[in-house]
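Before any comments, here is the structure.
Residue numbers (the working numbering): 9 to 396.
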């Protein structure tokens with residue numbers, strides 16, 4: 009495993025990728041965070057601050073580093089100098105559509121009043137579970153966010169329940185304060201930059217849909233100007249939607265539909281592969297996978313699955329080439345960022361809960377063919393580098 013060696017700052021790793029030299033580029037921290045350039049020993053080669061919580065990161069073809077977080081986009085050179093900064097285009101859409109979001113918040117609040125007792129009980133159990141877990145081990149970033157939100161939600165629902173029980177209040181809807189608070193939470197939940205990636209001429213940003221529960225992909229200029237939706241209606245779970253660009257097109261790890269979808273750079277669908285499958289190799293396991301995708305230098309596609317830690321390698325058209333291996337992860341639906349070294353001899357995978365990166369070295373073996381889809385596993389060894 010690779011543990012970032014910074015005793016003064018053990019900020020969580022939110023996402024990572026590799027640069028052309030094979031160094032890890034890690035987006036770390038809550039609130040305002042840091043970008044860290046790290047070698048395979050965990051040594052921090054360079055580090056610089058980011059004004060927001062960095063939620064996604066990638067390296068463009070020219071070596072510059074793209075970072076997205078909390079509704080903002082950044083481009084840095086490889087020394088940490090800001091070259092460009094802008095608000096994500098979906099933030100302006102959220103402002104324009106605030107009235108629609110308010111209506112959505114009212115619908116959610118109204119639906120919630122019918123089973124307040126059940127919701128309160130459920131949230132209280134969830135709060136206790138997270139508090140108990142946090143007293144024994146570190147929570148991942150998603151769990152910490154939920155832990156921060158739950159007390160306010162419980163208080164709000166208890167207040168609504170109390171009002172509902174007062175004489176004459178049975179048919180009254182949520183108050184203006186309740187609607188405003190719910191609207192703010194809804195907007196906040198949609199500010200996340202789920203992924204950021206660059207093609208030759210454009211930058212692609214995946215975000216929550218402005219309305220509803222799906223995801224959208226925005227296409228911008230290199231300097232973050234413009235901004236048009238090229239994909240929408242994508243299905244993702246737990247705030248996760250990984251979309252990566254390469255010369256062959258856009259590749260979406262649509263975890264809610266258990267598939268990878270390939271599009272051209274304008275958003276036209278080209279092909280797709282995958283299905284829900286708990287036993288075979290062709291499909292993807294658990295409730296929602298694959299979670300992440302990346303490419304090697306020849307354009308082959310690697311997929312990463314949360315919960316099982318499974319990594320597989322496909323051609324850019326979806327032919328299964330190899331089962332790379334399984335990484336031992338703490339179970340859970342979460343980001344499992346993946347990257348492949350420039351010469352394709354090493355595969356890296358994020359263990360979000362344990363806050364380290366697992367390094368694997370593939371050991372190729374001949375694969376038996378099943379039609380056009382070879383499925384014989386390729387064994388893998390995990391290199392464990394002990395840290396003092």
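Beta carbons are placed, not taken as given, at the ideal position from N, Cα and C, and that holds for glycine.
With DSSP as the reference, please indicate the residues paired to residue 45 in a beta bridge.
Counting from 1 along the chain shown, the entry for residue 45 is found at position 37. Beta-bridge pairing links residue 45 to 33, 54.
Residue span of the alpha helix (DSSP H) that contains residue 77, given as start and end
Here the question's residue 77 lines up with position 69 in the chain shown. For residue 77, there is no enclosing alpha helix (DSSP H); the enclosing beta strand (DSSP E) has its first and last residue at 73-77.
If contacts are defined as beta-carbon pairs under 8 Å, then residue 25 and residue 347 qualify, I think. What distance do you get, rounded to the angstrom?
The residue given as residue 25 occupies position 17 in the chain shown. The residue given as residue 347 occupies position 339 in the chain shown. With 8 Å as the limit, residue 25 and residue 347 qualify as a contact, their Cβ atoms being about 5 Å apart.
Determine contact between the region 200-214 and the region 81-88, defined as no fewer than three beta-carbon pairs at a distance below 8 Å.
Segments in contact, yes.
Which one of 327, 270, 323, 341 has the shortest CA to CA distance from residue 317?
Numbered from its first residue, the chain shown carries residue 317 at position 309. If we check each option's Cα against that of residue 317, 341 comes out closest.
Residue 106 in three-state terms, based on DSSP
Here residue 106 refers to the residue found at position 98 when the chain shown is read from its first residue. The three-state reading of DSSP puts residue 106 in helix, counting H, G and I together.
Could you check which residue in 325, 229, 133 has the C-alpha nearest to that of residue 92?
Numbered from 1 along the chain shown, position 84 holds the residue referred to as residue 92. The residue with the shortest Cα to Cα distance from residue 92 is 229.
Excluding the five sequence neighbours on either side, which residues of its own chain have a C-beta within less than 7 Å of the C-beta of residue 380, listed in chain order?
Mapped onto the chain shown, residue 380 falls at position 372. With a pLDDT of only 42 at residue 380, under 50, the local geometry of the prediction cannot be trusted, and no value is derived from it.
CB residue 304 to CB residue 23, shorter than 8 Å?
The residue given as residue 304 occupies position 296 in the chain shown. The residue given as residue 23 occupies position 15 in the chain shown. Not a contact, by the Cβ cut-off of 8 Å.
Between the alpha carbons of residue 125 and residue 168, how many angstroms are there, rounded?
Position 117 of the chain shown, counted from the start, is the residue given in the question as residue 125. Position 160 of the chain shown, counted from the start, is the residue given in the question as residue 168. If you draw a straight line from the Cα of residue 125 to the Cα of residue 168, it comes to about 10 Å.
Is the Cβ-Cβ distance between residue 96 and residue 213 less than 8 Å?
To locate residue 96, count along the chain shown from 1; it is residue 88. To locate residue 213, count along the chain shown from 1; it is residue 205. A contact, by the Cβ cut-off of 8 Å.
In angstroms with no decimal places, state the Cα-to-Cα distance between residue 99 and residue 43.
In the chain shown, the residue the question calls residue 99 occupies position 91. In the chain shown, the residue the question calls residue 43 occupies position 35. If you draw a straight line from the Cα of residue 99 to the Cα of residue 43, it comes to about 23 Å.
Output the boundary residues of the beta strand (DSSP E) element that contains residue 329.
As a position in the chain shown, residue 329 is number 321, starting the count at 1. Looking at the DSSP string, the run of the beta strand (DSSP E) that includes residue 329 is 328-334.
According to the neighbour-count rule (16 or more other Cβ atoms, all chains shown, within 10 Å of its Cβ), is residue 197 buried or exposed?
Here residue 197 is taken as the residue at index 189 of the chain shown, counted from 1. So residue 197 ends up on the exposed side.
Following the continuous alpha helix (DSSP H) through residue 299, name the residue where it begins and the one where it ends.
As a first step, residue 299 must be located in the chain shown, where it is residue number 291. If you look at residue 299, you'll find it isn't in any alpha helix (DSSP H); DSSP assigns it neither H nor E.
Please name the residue in 181, 155, 20 whose C-alpha comes closest to that of residue 116.
By 1-based counting over the chain shown, the position of residue 116 is 108. Ranking 181, 155, 20 by Cα distance to residue 116 puts 181 first.
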